[in-house]
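A.B. asks:
In my numbering, the protein residues as written are 3 to 493.
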């Protein structure tokens, strides 16, 4: 167990911070726009007398195929310690071709009858294989000794595969591997984090997140705009052996009640799974004019099993503490302003993460894992953006078709108020030749040594070599990226 948790924790740390220096900031088209995810019915009526013509329209003998192709190539430069005596401009710390995002998403919707449909989506990207780094041995006594083996496996993902059907136009069922979204957040969503199997994509924060294998039952309350939901969710399984070891009592259950009052939507939900914290969730959203507002709050009640966290006992010494008896609160709130005439969007969001650390930073956690016996069993505070500290804020400004031209401009800024690190990333892109888009971005970070956002590119490089991770010290960095998207399209 310790081996698995250490591998997951450290390598997800790299995955969590790497995109911050590499991704463009302008949100792209939602996957739902590409693959046509079906809308939930929110109000029921009596059966109509025109059921036969309706059924003929909804039924198709031929599945609908859709997808998207993305072709990109780019160059990245990174300068470390830009506020100190670090790299000279003509001598970057690292540079080279960026990882290609050339890939394809292919989806289908089949509707053999009017009351049932099957939806699926697969994804792959160049070079069509990916590295899996497996920890083969761990000596969990300081100094930590880790042995790893790297495997190449095909990069082919079944992103979703599920069926939707209805009973008497009153109950609506969805079963299979499906995205489950019940939060209202934009860059942060503690409610969605409960179900999601992937992190928020900063380049496309509204895109679907990978979901679990689940059964969802939806009951629209007749003659209202209110809804009731029930969920049964299987735990994540890494293979046939893990799936075979599951017990019925491992299935998570959840319920949600949703009320629509004018243009304001409120929802109350609950979640339970054995050996995990039971959670209560409250979400809300509303809008007026060009403004939309959203908020979420989750309450994680005491855990039935121990949860290890790090506590500082001295300037460079740490110990494990158990926080399983604590009730942890997380909340987020934000606003979105949209001006269609200007093609302008502004987003601001705040997150309080009750699972995070108020006084320890990323460097502290890495040193603790390397020096404290048993620290490899840390609760997953490395699992993604906004998971290490307690207080975060994000601001985004985006203009598309700037002054009716082929130019787009965006600025993304993120701040971790717990360790006072962050970065700002302006990006400019130009569309030409019909299907070519040239983009450039600069990412400038700040923060003390070892803070979350100080040097994400340096952290990723250090974690590829276990002999250097112990001596890695994150310092503020500057990154420059030039990217060409060639022939990207939806079909």
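Ideal Cβ positions, reconstructed from N, Cα and C, are used throughout, including at glycine.
Mapping the DSSP letters down to three states, classify residue 430 as helix, strand or coil.
C.D. replies: Looking at residue 430 - three-state DSSP - the assignment turns out to be strand.
A.B. asks: Buried or exposed for residue 93, going by 16 or more other Cβ atoms inside 10 Å?
C.D. replies: Exposed, since its Cβ has fewer than 16 Cβ neighbours within 10 Å.
A.B. asks: Is residue 332 near residue 355, with beta carbons less than 9 Å apart?
C.D. replies: Contact: yes.
A.B. asks: Are the CB atoms of residue 167 and residue 117 nearer to each other than 9 Å?
C.D. replies: It is a contact, given that the beta carbons lie within the stated cut-off.
A.B. asks: Out of curiosity, what's the CA-to-CA distance linking residue 341 and residue 296?
C.D. replies: Answer to the nearest angstrom: the Cα atoms are 18 Å apart.
A.B. asks: Would you kindly work out how many angstroms separate the C-alpha atoms of residue 103 and residue 75, rounded to a whole number?
C.D. replies: Rounded to whole angstroms, residue 103 to residue 75 spans 7 Å at the Cα level.
A.B. asks: Select from 183, 410, 189 the residue whose C-alpha is nearest the C-alpha of residue 196.
C.D. replies: Looking at the Cα atoms, 183 is the closest of the given residues.
A.B. asks: Between the alpha carbons of residue 400 and residue 213, how many angstroms are there, rounded?
C.D. replies: So the alpha carbons of these two residues sit roughly 28 Å apart.
A.B. asks: Where DSSP assigns a beta bridge to residue 350, which residues make up the other side?
C.D. replies: Residue 350 pairs with 337, 397.
A.B. asks: Can you find the residues in the same chain that come closer than 6 Å, C-beta to C-beta, to residue 398, ignoring five residues on each side of it along the sequence?
C.D. replies: Around residue 398: 349, 414.
A.B. asks: Given 8 Å as the limit, is there contact between the stretch 299–319 and the stretch 281–288, that is, 3 or more CB pairs closer than that?
C.D. replies: Judged by Cβ distances under 8 Å, the stretch 299–319 makes contact with the stretch 281–288, as three or more pairs qualify.
A.B. asks: What number of angstroms, rounded off, separates the C-alpha of residue 271 from the C-alpha of residue 484?
C.D. replies: Computed Cα separation, rounded: 44 Å.
A.B. asks: Quick check on residue 210: does DSSP put it in helix, strand or coil?
C.D. replies: Three-state result, residue 210: coil.
A.B. asks: Could you tell me the distance, in whole angstroms, from the CA atom of residue 83 to the CA atom of residue 446?
C.D. replies: Taking the straight line from one Cα to the other gives about 11 Å.
A.B. asks: Measuring CA to CA, which of 311, 181, 185, 133 is closest to residue 151?
C.D. replies: When only C-alpha atoms are compared, the closest one is 133.
A.B. asks: If you follow the alpha helix (DSSP H) that residue 510 is in, where does it begin and where does it stop?
C.D. replies: No information on residue 510 is available, as it lies outside the stretch 3 to 493 that the chain covers here.
A.B. asks: Would you kindly check if the distance between the Cβ of residue 70 and the Cβ of residue 106 is under 9 Å?
C.D. replies: In this structure, residue 70 lies closer than 9 Å to residue 106 by Cβ.
A.B. asks: Determine which residues share a DSSP beta bridge with residue 98 and list them.
C.D. replies: Looking at the DSSP assignment, residue 98 forms a beta bridge with 78.
A.B. asks: Mapping the DSSP letters down to three states, classify residue 66 as helix, strand or coil.
C.D. replies: Residue 66: strand per DSSP, three-state reduction.
A.B. asks: So, under 8 Å CB-CB, residue 351 and residue 190 are touching, yes? Tell me the CB distance rounded to an integer number of Å.
C.D. replies: Yes, they are in contact, since the Cβ atoms of residue 351 and residue 190 sit about 6 Å apart, within 8 Å.
A.B. asks: Just list the residues that DSSP pairs residue 277 with in beta bridges.
C.D. replies: Looking at the DSSP assignment, residue 277 forms no beta bridge with any residue, so it has no partner.
A.B. asks: What does a CB cutoff of less than 7 Å around residue 449 pick up in its chain, not counting 5 residues either side in sequence?
C.D. replies: If we look at residue 449 and ignore the five residues flanking it on each side, its Cβ neighbours are 421, 422, 423, 424, 455, 456, 478.
A.B. asks: For my contact list, residue 453 and residue 364 are in at a C-beta cut-off of 8 Å; report their separation, rounded to the angstrom.
C.D. replies: So it is a contact: roughly 6 Å between Cβ atoms.
A.B. asks: Short of 7 Å in beta carbon distance, which residues of its chain neighbour residue 252, apart from the five on each side in sequence? Order them along the chain.
C.D. replies: Cβ neighbours of residue 252 beyond the five flanking positions: 237, 276.
A.B. asks: Between which two residues does the beta strand (DSSP E) containing residue 193 stretch?
C.D. replies: No beta strand (DSSP E) holds residue 193; the alpha helix (DSSP H) holding it covers 192–195.
A.B. asks: How big is the Cα-Cα spacing for residue 390 and residue 418?
C.D. replies: Cα-Cα distance, rounded: 9 Å.
A.B. asks: Helix, strand or coil for residue 406, going by three-state DSSP, please let me know.
C.D. replies: Note: residue 406 maps to helix in three-state DSSP.
A.B. asks: Return the Cβ separation of residue 164 and residue 177 in integer angstroms, given the expectation that the two are a contact with Cβ distance under 8 Å.
C.D. replies: Yes, they are in contact, since the Cβ atoms of residue 164 and residue 177 sit about 6 Å apart, within 8 Å.
A.B. asks: Leaving out five residues on either side along the sequence, give the residues of the same chain with a beta carbon under 8 Å from the beta carbon of residue 328.
C.D. replies: The residues are 304.
A.B. asks: Comparing C-alpha positions only, which one of 255, 247, 280 sits nearest to residue 307?
C.D. replies: Closest option to residue 307, Cα to Cα, is 280.
A.B. asks: Three-state secondary structure (DSSP) at residue 83?
C.D. replies: Coil.
A.B. asks: Measuring only the C-alpha atoms, how far is residue 96 from residue 370?
C.D. replies: Computed Cα separation, rounded: 28 Å.
A.B. asks: Over what stretch of residues does the beta strand (DSSP E) that includes residue 175 continue unbroken?
C.D. replies: Taken as a continuous stretch (DSSP letters only), the beta strand (DSSP E) holding residue 175 covers 173–179.
A.B. asks: Give me whichever residues DSSP pairs with residue 391 in a beta bridge.
C.D. replies: According to DSSP, residue 391 bridges with 359.
A.B. asks: Rounding to the nearest angstrom, what Cα-Cα distance links residue 259 and residue 218 in this structure?
C.D. replies: If you take the alpha carbons of residue 259 and residue 218, they lie about 13 Å apart.
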